[in-house]
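Presented below is the structure to which this report refers.
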Amino acid sequence: MNERLFGIHGAALTVRSERMGVIASNIANAATPGYKARDIDFNAALDARLARARGVMSANAGAGMVWRSPTMPSMDGNTVELSREQVAFAENAVAYSATLSFVQGKVNTITRALKGE
């Protein structure tokens, strides 16, 4: 129902939300020794989510999760680069907002149609 109603935007919103959580976790652990930064490959995660929505059982639930390769690893083994995480967080927030606008537009269209406007 979700895919028929919102197209890929409903799944994209979920993946972007999950990615926001992963990036926030990286930022929160920027000073944790040995912490390995992670990210979500948006395209791979979206493809897997859409495949699961269509009933493809071979779609991996953890698809799209990747480890970040640091440009300058720290001495304590932490791979979080705060500036890189902040940029990724901001980019993802803009993309999340744009996706949410598409979903809101679809809901508004359906609401107007139901009201007969």
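Under the UniProt record's numbering, the first residue of the sequence shown carries the number 1, and numbering increases by one thereafter.
We put the CB at the ideal spot given by N, CA and C, even for glycine.
Shown here for V15: same chain residues with a beta carbon closer than 8 Å to its own, the five before and five after excluded, namely I40, F42, A45, L46, R49, G64 in chain order. Taken through DSSP and simplified to helix, strand or coil, R38 comes out as strand. Under the 8 Å Cβ criterion, the segment 98-113 does not count as touching the segment 66-85, having fewer than three qualifying pairs. V80 and N26 have their C-alpha atoms spaced approximately 6 Å apart. The residue from L82, A98, F89, A95 with its alpha-carbon nearest to that of Y35 is L82. When DSSP reads this structure, M65 sits in a beta bridge with I40.
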